[in-house]
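Chemist:
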Amino acid sequence: MASAEKPVPAITPEMAGFFEGAKRGQLMVERCEGCGEMRFPPHELCSRCLSDRAKWVPTSGRGEVFSFNVMHQVYHPGFAAEVPYAVVVVRLEEGPKFVSNLIGVQPADIRIGMPVEVTFERLSADVTVPKFRPRSRS
Amino acid sequence: MAGDLRAKCAIAGLGQTAMGKNFDHSNAMGFAIEAVQLALDDAGLKRSDLDGLLVNPGVTWSEATMASFSLQQAMGLTDLTLTATMNLGGATAAAMIMHAAQAIAAGMANVVACVFADAPLRPPSPERKAGGSAAAYGFARGLNAHYGQFGVNAAYAFVAQRHMHLYGTRQDHLGEVAVSQRGWANLNPAAQFHDAPMTMDDYNRARWVVEPFHLYDCCLVSNGGLAVIVTSAERARTLKHPPVYLLGMGQGHAGGDPMETLTSGAPLAKKIAFGMAGITLDDINFAELYDCYTFTVLVTLEDYGFCKKGEGGPFLEGGRIGPKGSLPVNTGGGQLSSFYMWGMTPVAEAIVQMRGEAGPRQVPKHDVGLVSGNGGILSTHSTLILGAQP
Ligand SMILES: [Zn+2]
Chain G
1 MASAEKPVPA
11 ITPEMAGFFE
21 GAKRGQLMVE
31 RCEGCGEMRF
41 PPHELCSRCL
51 SDRAKWVPTS
61 GRGEVFSFNV
71 MHQVYHPGFA
81 AEVPYAVVVV
91 RLEEGPKFVS
101 NLIGVQPADI
111 RIGMPVEVTF
121 ERLSADVTVP
131 KFRPRSRS
Chain W
1001 MAGDLRAKCA
1011 IAGLGQTAMG
1021 KNFDHSNAMG
1031 FAIEAVQLAL
1041 DDAGLKRSDL
1051 DGLLVNPGVT
1061 WSEATMASFS
1071 LQQAMGLTDL
1081 TLTATMNLGG
1091 ATAAAMIMHA
1101 AQAIAAGMAN
1111 VVACVFADAP
1121 LRPPSPERKA
1131 GGSAAAYGFA
1141 RGLNAHYGQF
1151 GVNAAYAFVA
1161 QRHMHLYGTR
1171 QDHLGEVAVS
1181 QRGWANLNPA
1191 AQFHDAPMTM
1201 DDYNRARWVV
1211 EPFHLYDCCL
1221 VSNGGLAVIV
1231 TSAERARTLK
1241 HPPVYLLGMG
1251 QGHAGGDPME
1261 TLTSGAPLAK
1271 KIAFGMAGIT
1281 LDDINFAELY
1291 DCYTFTVLVT
1301 LEDYGFCKKG
1311 EGGPFLEGGR
1321 IGPKGSLPVN
1331 TGGGQLSSFY
1341 MWGMTPVAEA
1351 IVQMRGEAGP
1361 RQVPKHDVGL
1371 VSGNGGILST
1381 HSTLILGAQP
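So the sequences go chain by chain: G and W. Here my numbering is used: position 67 in the first sequence is 67, and no number is missing along the way. Offset between the second sequence (1-based) and my numbering: plus 1000.
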């Protein structure tokens, strides 16, 4: 049986800047033009100063594992061959937290506080998604 | 000022359908109607006595935005003076009861039914594997779906993992909640796991759902309906059962990121509810704490001050909240071992205990009970203090 594909994220208008950055190899977050707060996912308003002006800006792509889980149930056929697999929350150096996958690390070896950096996976001509891999602490 | 509502109102009726793999009705509203009728019978009231209807629709209620109106029409209720469809997630049940009490104390309603119903489980069929809960609660969109982050279990697991990392909370500490509550369920003939004892080894051997949650860290998604009747304390004293007085009520919704705070809205809600009731933690005889996951009970115990923040794990050791422990918690088995009806599960068990009708699981002293509701991921919180005397 051919393995099913994982769901491919749609490029919604509010996420367009994010996916353009990902194609260039940049992990983007929104920066509020009112107070400078960095945020992800994008929002219409800044929850701190309520400004409606924001720009997509590139981040360092560096951060650390803030939390993680290990998924054992198959909720979508695209993951049937991967269970158990881990989902991580990465806290970027710039502050925002980003849900993603960690490449090259077995779930049992994931630790909170592990330094990680972004890497990119091209799914189609339009859609590239960020994932993370361990980095040396430097 | 908050004391003005103390013991002004009471719960006079409890209606509970069969729970779990119950296919008596094809949809949530069917269970809601049955539950309201059972609650009226329990109180010794008629449909025409109702002038208030508050509804918390579960995830499967169709046209949920006007659920209370559709239920009113379906039940043929006329001349209501209070109605609302409410949703604070698992905090809704206690919140409905406090809003009913506020309206009754203000003279804007007299007899209010508060109801929750849901029907996420489907009858087994040859084409479909069992396990409606995964389908009902496995939603995800966009990037999260690509990364495989599906459903509430997975998001709650992030928060639990933080607690374990920061405070040294262990898997066995979560297991203490599951095993203690199973002990209570084994004393409750209506619990789905009544006939299934569980040791810590059984807990640890059960399959993972999403680490750090084993199967028995997660609640029992169920079909069913639960309703309570709230009325004035005076009126309640004329009805079939001894009143369960509403001594204290409060809500707390702290905001922020639960992965950072690791704290529910309980401290906020407690301050109001305990202040209204004029009690301290020492006055609590038993607690029915919202338990969508074992971890939620651990955090809630910390947040009410039964122990310090971060010490919930060691506090639970030795079966402290089980049938032989010093603090009876979730005495019917809770949502983990009896049935998941959002915030109505702890409310219903508290009423049974307050009335002294809990049979083999009856706690010896049941003058004052604590009920908590929790919605989202430690996002919304509600507290009730119930009393056997005004
Ligand atoms: Zn701002």
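Glycine residues also receive a C-beta, built at the ideal position from the N, C-alpha and C atoms.
Among the candidates E1317/W, L1370/W, V1112/W and N1056/W, whose CA atom is the shortest distance from the CA of R1235/W?
Modeler: R1235/W has its Cα closest to that of V1112/W, out of E1317/W, L1370/W, V1112/W and N1056/W.
Chemist: Hey, which unbroken runs of the alpha helix (DSSP H) at 4 residues or more fall wholly within the segment 1240–1281 of chain W?
Modeler: Qualifying alpha helix (DSSP H) stretches, in chain order: 1258–1261 and 1266–1277.
Chemist: Quick check on K1008/W: does DSSP put it in helix, strand or coil?
Modeler: Coil at K1008/W, not helix or strand.
Chemist: Could you tell me the alpha carbon to alpha carbon distance between H43/G and G1013/W, rounded to whole angstroms?
Modeler: If I take the Cα positions, the gap works out to 45 Å.
Chemist: Tell me the DSSP bridge mates of S1232/W?
Modeler: S1232/W is bridged to C1009/W.
Chemist: What distance in whole Å lies between the Cβ atoms of F1306/W and P1363/W, which are believed to be in contact at a cut-off of 8 Å?
Modeler: According to the sequence provided, residue 1363/W is Val. The question's Pro does not apply to it. Their Cβ separation, rounded to whole angstroms, is 16 Å, which puts V1363/W and F1306/W out of contact at 8 Å.
Chemist: Out of H72/G, P107/G, K131/G and A54/G, state which residue places its alpha-carbon closest to the alpha-carbon of E117/G.
Modeler: Among H72/G, P107/G, K131/G and A54/G, the Cα nearest to that of E117/G is on K131/G.
Chemist: Tell me whether G34/G, by its Cβ, gets closer than 7 Å to a heavy atom of ligand 1.
Modeler: It does: the Cβ of G34/G is within 7 Å (strictly closer) of some heavy atom of ligand 1.
Chemist: Which residues, taken in chain order from the segment 102–114 of chain G, show a beta carbon closer than 9 Å to some beta carbon of chain W?
Modeler: Cβ contacts with chain W come from P107, R111, I112 and G113.
Chemist: Rounded to whole angstroms, what's the CA-CA distance from N1027/W to E37/G? Just pull it up for me.
Modeler: Cα-Cα distance, rounded: 45 Å.
Chemist: Q1353/W: buried (16+ other C-beta within 10 angstroms of its C-beta) or exposed?
Modeler: Label assigned to Q1353/W: buried.
Chemist: With three or more C-beta pairs closer than 8 Å as the rule, is the segment 1260–1271 of chain W touching the segment 1370–1380 of chain W?
Modeler: Contact between the segment 1370–1380 of chain W and the segment 1260–1271 of chain W is present, because at least three Cβ pairs lie under 8 Å.
Chemist: Distance check for D1202/W and R41/G, CA to CA, integer angstroms please.
Modeler: In the sequence as displayed, the identity of residue 41/G is Pro instead of Arg. Straight-line Cα distance between these residues: approximately 40 Å.
Chemist: For chain G, is any of its Cβ atoms less than 8 Å away from the one on E1211/W?
Modeler: Chain G, which has a Cβ nearer than 8 Å to the Cβ of E1211/W, makes this yes.
Chemist: Express the C-alpha separation of G1376/W and Y1137/W in angstroms, rounding to a whole number.
Modeler: With a pLDDT of 49 at Y1137/W, under the threshold of 50, the modelled position of this residue cannot be trusted; read the value that follows with caution. Near 13 Å, if we compare the C-alpha coordinates of G1376/W and Y1137/W.
Chemist: Helix, strand or coil: which one does DSSP assign to F1295/W?
Modeler: Residue state, collapsed to three classes: helix.
Chemist: Spell out the partners DSSP gives C1114/W in its beta bridges.
Modeler: Paired residue(s): L1054/W and V1228/W.
Chemist: Considering only the beta carbon of each residue, do T1383/W and G1250/W sit closer than 8 Å?
Modeler: Yes.
Chemist: Can a CB atom of chain W be found closer than 8 Å to the CB of A81/G?
Modeler: No, A81/G does not count as interfacial toward chain W.
Chemist: For chain W, is any of its Cβ atoms less than 8 Å away from the one on K23/G?
Modeler: Output row for K23/G: interface = no.
Chemist: Please list, in chain order, the chain W residues whose beta carbon lies closer than 7 Å to that of V87/G.
Modeler: Correct list: Y1147, G1148, Q1149 and A1154.
Chemist: Kindly give me the distance between the Cβ atoms of P134/G and V105/G, rounded to whole angstroms, as I take these residues to be in contact under 8 Å.
Modeler: Sure, about 6 Å apart at Cβ, within 8 Å.
Chemist: Tell me, please, whether the CB atom of L1143/W is closer than 8 Å to any CB atom in chain G?
Modeler: Closer than 8 Å: yes.
Chemist: Please identify, using Cβ separations under 7 Å, the residues of the segment 1242–1270 of chain W that lie next to chain C, in order along the chain.
Modeler: Checking the listed chains, one finds no chain C in this structure; the protein chains it contains are G and W.
Chemist: Could you have a look at A1348/W and say whether DSSP puts it in helix, strand or coil?
Modeler: Helix at A1348/W.
Chemist: Between G1391/W and T1199/W, is the Cβ-Cβ spacing less than 8 Å?
Modeler: Outside the shown range of chain W, which is 1001 to 1390, sits residue 1391/W, and nothing can be said about it.
Chemist: Would you mind reading off the limits of the beta strand (DSSP E) that contains T12/G?
Modeler: T12/G -> no beta strand (DSSP E), and no H or E assigned at all.
Chemist: Just to confirm, is the Cβ distance from G1225/W to F1069/W under 8 Å?
Modeler: Contact flag unset, no.
Chemist: Measure the beta-carbon distance from V1210/W to I1284/W and round it to whole angstroms, keeping in mind my assumption that it falls under 8 Å.
Modeler: Their Cβ separation, rounded to whole angstroms, is 32 Å, which puts V1210/W and I1284/W out of contact at 8 Å.
Chemist: Are the C-beta of R1122/W and some C-beta of chain G separated by less than 8 Å?
Modeler: Cβ-Cβ to chain G under 8 Å: no for R1122/W.
Chemist: Can you give the Cα-Cα distance for P1258/W and F1213/W, rounded to whole angstroms?
Modeler: Near 17 Å, if we compare the C-alpha coordinates of F1213/W and P1258/W.
Chemist: Rounded to whole angstroms, what is the Cα-Cα separation between Q1192/W and M1019/W?
Modeler: In a straight line, the C-alpha of Q1192/W is about 8 Å away from that of M1019/W.
Chemist: If you measure from the CB of R48/G, is any heavy atom of ligand 1 nearer than 7 Å?
Modeler: Yes; taking the cut-off as 7 Å, the Cβ of R48/G has a heavy atom of ligand 1 nearer than that.
Chemist: By the DSSP assignment, the beta strand (DSSP E) with N101/G in it spans what residues?
Modeler: Segment: none, N101/G is in no beta strand (DSSP E) and carries neither H nor E.
Chemist: Got a sec: is the Cβ-Cβ distance from W1208/W to anything in chain G below 8 Å?
Modeler: Chain G contact via Cβ: present.
Chemist: Could you list which residues in chain G have their beta carbon closer than 7 Å to that of R1162/W, in chain order?
Modeler: Within 7 Å Cβ-Cβ: S67.
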